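Numbering (my numbering), first residue to last: 3 to 349. First up is the structure itself, then whatever we jot down about it.
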Ligand SMILES: Nc1ncnc2c1ncn2[C@@H]1O[C@H](COP(=O)(O)OP(=O)(O)OP(=O)(O)O)[C@@H](O)[C@H]1O
Ligand SMILES: [Mg+2]
């Protein structure tokens, strides 16, 4: 594990700063925050106008003096000060109460696998600015594996795929550690982007930023599976004339557009399996792949992986919460380390 379980047990708050959503777990209270990682700032005065759900609704609809920003991009904090203000806004009174009770607040945070020291530093600085005296960083892959109930500490292999908004991380874990892993910069955002690009090129239609989500949801009724309606009506703006226009889009073609970025994910799985020792790959034939993260909900993604790998694939329960709840379990002390005591056996 990245840090010892003992250190984690002393932490009070667990934070998962994601590219799409921020989630906070407080020891004794459970999950207290699950909101989009978005802030709206007044550029004239520098004051904060909104955070979370409300700020996300403002995206693309603001007058000039309001800036809607995402302090977390690609899974790392890119604007420490803004991230602190966002967390302060989201936590509000809950943070103040926690600090009053525990002046020596300790925090734990997830970091993407293989994140560079600068990115890790940004996460630590964010939490220190909020009043944390010590910050423990845990690999998202391990936190998520604990959160979805995989036997992380056992000497059997388990394979996890964390499908986030900005990245997809794949790993084979055994004995509490990562054996092989891969991080691919393709996630839910890349899928949104593929849909937008398709509509722009094929139908010369620009989608309002807020429409991507409903469109995705409409398509998600069918997802990658060739069922459901064959065409969906979409409203947008004509690229050339700038006028409002609606087109009938073939869902099969959109499905094809979504497939293109997903090939990178399939390549990543292949690479992890190739790098993995044969004994562990044999274990995986039974255990298969567990998918977590919001983007794991894309209908048909599990079937696509099943076809590509011929291994069992399952989606975790409440996949988007696995990472933060896994951290929470470690904070609460529910995770027992594997105690290896060869002397006791010899007696
Ligand atoms: N039902 C759904 N079908 C398909 N995609 C979905 C669904 N629900 C959420 N998503 C996608 O999942 C992504 C959010 O997942 P998640 O909350 O795990 O991301 P995150 O943790 O913020 O990102 P990251 O871990 O990359 O920093 C978004 O891109 C969203 O479009
Ligand atoms: Mg995440």
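Every residue gets a Cβ at the ideal spot worked out from N, C-alpha and C, and that includes glycine. Bear in mind the structure is a predicted one, so any value in this text is a computation, not a measurement.
7 Å Cβ cutoff, residue 157 in contact with chain C | The structure shown has no chain C; it contains just one protein chain.
DSSP on residue 107, reduced to helix/strand/coil?
-> Looking up residue 107 in the chain shown gives position 105. Residue 107 falls in the coil class under three-state DSSP.
Residues of its chain near residue 163, where Cβ-Cβ distance is below 6 Å and the 5 sequence neighbours each way are ignored = In the chain shown, counting from the first residue as 1, residue 163 sits at position 161. 172, 291 and 293, listed in sequence order.
Over what stretch of residues does the alpha helix (DSSP H) that includes residue 129 continue unbroken?
-> As a working mapping, residue 129 is identified with position 127 in the chain shown. Unbroken alpha helix (DSSP H) run through residue 129: 119-131.
Nearest-angstrom Cβ-Cβ length linking residue 100 and residue 28, presumed shorter than 8 Å | By one-based count along the chain shown, residue 100 stands at place 98. By one-based count along the chain shown, residue 28 stands at place 26. Right, their Cβ atoms sit about 6 Å apart.
Can you check whether the CB of residue 89 is closer than 7 Å to the CB of residue 33?
-> As a first step, residue 33 must be located in the chain shown, where it is residue number 31. As a first step, residue 89 must be located in the chain shown, where it is residue number 87. Against a cut-off of 7 Å, the Cβ pair of residue 89 and residue 33 comes out as no contact.
Going straight from the alpha carbon of residue 282 to that of residue 312, what length do you get?
-> Position 280 of the chain shown, counted from the first residue, corresponds to residue 282. Position 310 of the chain shown, counted from the first residue, corresponds to residue 312. Whole-angstrom Cα-Cα distance: 16 Å.
Are there three or more Cβ pairs, one per stretch, closer than 8 Å when the region 255-266 is compared with the region 113-123?
-> No: fewer than three Cβ pairs fall under 8 Å.
Taking the continuous beta strand (DSSP E) assigned at residue 337, which residues delimit it?
-> On the chain shown, residue 337 is found 335 positions in, with the first residue counted as 1. No beta strand (DSSP E) contains residue 337, which DSSP labels as neither H nor E.
Sub-7 Å separation of residue 175 and residue 148 beta-carbons | The residue you call residue 175 lines up with position 173 of the chain shown. The residue you call residue 148 lines up with position 146 of the chain shown. No; because the gap between Cβ atoms is not below 7 Å, this pair is not in contact.
Every unbroken alpha helix (DSSP H) inside the region 238-318 [4 residues or more] = DSSP runs (the alpha helix (DSSP H)) wholly in the region 238-318: 253-277, 280-289 and 303-311.
Collapsed DSSP secondary structure at residue 350 in the structure displayed | Any answer about residue 350 is impossible in this case: the structure gives the chain only from 3 up to 349.
Could you tell me which uninterrupted alpha helix (DSSP H) segments, each at least 4 residues in length, are contained entirely in the region 158-216, listed from first to last along the chain?
-> 190-205
Decide if the region 315-324 is in contact with the region 188-204; the criterion is three or more beta carbon pairs, one per stretch, under 8 Å apart.
-> no
For residue 138, write down the residues that DSSP places opposite it in a beta bridge.
-> By 1-based counting over the chain shown, the position of residue 138 is 136. Partner(s): 110.
Regarding residue 166 and ligand 2, is the C-beta to nearest heavy atom distance less than 6 Å?
-> On the chain shown, position 164 is the one that residue 166 refers to. Indeed, a heavy atom of ligand 2 lies less than 6 Å from the Cβ.
CB-CB under 6 Å to residue 297, same chain, minus the five flanking residues each way: which ones, in chain order?
-> Counting from one through the chain shown, the residue named residue 297 turns up at place 295. Closer than 6 Å at the Cβ level, and outside the excluded window around residue 297, lie 165, 189 and 190.
When the Cα atoms are used, what is the spatial distance from residue 349 to residue 337?
-> Counted from its first residue, the chain shown places residue 349 at position 347. Counted from its first residue, the chain shown places residue 337 at position 335. Note that residue 349 scores a pLDDT of 47, beneath 50, so its modelled location is shaky; the value from the coordinates is reported in the next line. For residue 349 and residue 337, the distance between alpha carbons rounds to 27 Å.
Quick one: using the 10 Å Cβ neighbour count with 16 as the cut-off for buried, is residue 8 buried or exposed?
-> Locating residue 8 in the chain shown gives position 6, counting from the first residue. The residue is exposed, with fewer than 16 neighbouring Cβ atoms inside 10 Å.
Per-residue DSSP class, three states only, for residue 330 = Against the chain shown, residue 330 aligns to sequence position 328. The three-state reading of DSSP puts residue 330 in helix, counting H, G and I together.
Taking the DSSP output, what are the residues bridged to residue 2?
-> A question about residue 2 goes unanswered here, because the residues of the chain that appear run from 3 up to 349.
Which two residues bound the contiguous beta strand (DSSP E) that contains residue 82?
-> Position 80 of the chain shown holds residue 82. Residue 82 -> not in any beta strand (DSSP E); alpha helix (DSSP H) instead, spanning 82-93.
Kindly indicate which three-state DSSP category residue 69 falls into: helix, strand or coil?
-> Position 67 of the chain shown, counted from the first residue, corresponds to residue 69. The answer is strand: DSSP assigns residue 69 an E or B state.
Evaluate residue 128 with the Cβ neighbour count: other Cβ atoms within 10 Å of its Cβ, from every protein chain shown; 16 or more gives buried, anything less gives exposed.
-> On the chain shown, position 126 is the one that residue 128 refers to. With 16 or more other Cβ atoms from the protein chains shown falling within 10 Å of its own Cβ, residue 128 counts as buried.
Can you name the start and end residues of the alpha helix (DSSP H) that residue 7 belongs to?
-> By 1-based counting over the chain shown, the position of residue 7 is 5. Note, residue 7: alpha helix (DSSP H), 7-11.
Own chain, CB closer than 6 Å to residue 331, minus 5 neighbours either side, in chain order | Here the question's residue 331 lines up with position 329 in the chain shown. Here the set comprises 148 and 337.
Could you tell me whether the region 35-55 touches the region 71-90, where touching means 3 or more Cβ pairs closer than 8 Å?
-> yes
Quick one: grab the DSSP three-state call for residue 74.
-> Against the chain shown, residue 74 aligns to sequence position 72. The answer is strand: DSSP assigns residue 74 an E or B state.
Hey, is residue 319 close to ligand 1, as in C-beta under 6 Å from one of its heavy atoms?
-> Here residue 319 corresponds to residue number 317 of the chain shown, with the count starting at 1. Answer for residue 319: no, Cβ out of range of ligand 1.
Quick one: residues in its chain with C-beta nearer than 8 Å to the C-beta of residue 199, no 5 flanking neighbours on either side, listed in chain order?
-> Looking up residue 199 in the chain shown gives position 197. So the list reads 259, once near-sequence residues are dropped.
Evaluate the contact criterion for the region 106-118 versus the region 270-279: three or more CB pairs, one atom per stretch, below 8 Å.
-> In this structure the region 106-118 does not lie against the region 270-279, because fewer than three pairs of beta carbons, one per stretch, are closer than 8 Å.
Do you know how far the Cα of residue 141 is from the Cα of residue 135?
-> Locating residue 135 in the chain shown gives position 133, counting from the first residue. Locating residue 141 in the chain shown gives position 139, counting from the first residue. Looking at the two C-alpha atoms, the distance is approximately 20 Å.
Reference residue 116; option with closest CA among 185, 98 and 177 = The count along the chain shown starts at 1 and reaches residue 116 at position 114. Comparing Cα positions, the closest option is 185.
By Cβ distance below 7 Å, which residues in the same chain neighbour residue 248 in space, the five residues on each side in sequence not counted?
-> Start at 1 with the first residue of the chain shown, and residue 248 comes out as number 246. Around residue 248: 235, 236 and 237.
For residue 152, three-class secondary structure by DSSP | For the purposes of this step, residue 152 is taken as the residue at position 150 of the chain shown. Coil at residue 152, not helix or strand.
Going by the beta-carbon positions, is the gap between residue 58 and residue 40 smaller than 7 Å?
-> Counted from its first residue, the chain shown places residue 58 at position 56. Counted from its first residue, the chain shown places residue 40 at position 38. Taking 7 Å as the cut-off, the beta carbon of residue 58 is found closer than this to the beta carbon of residue 40.
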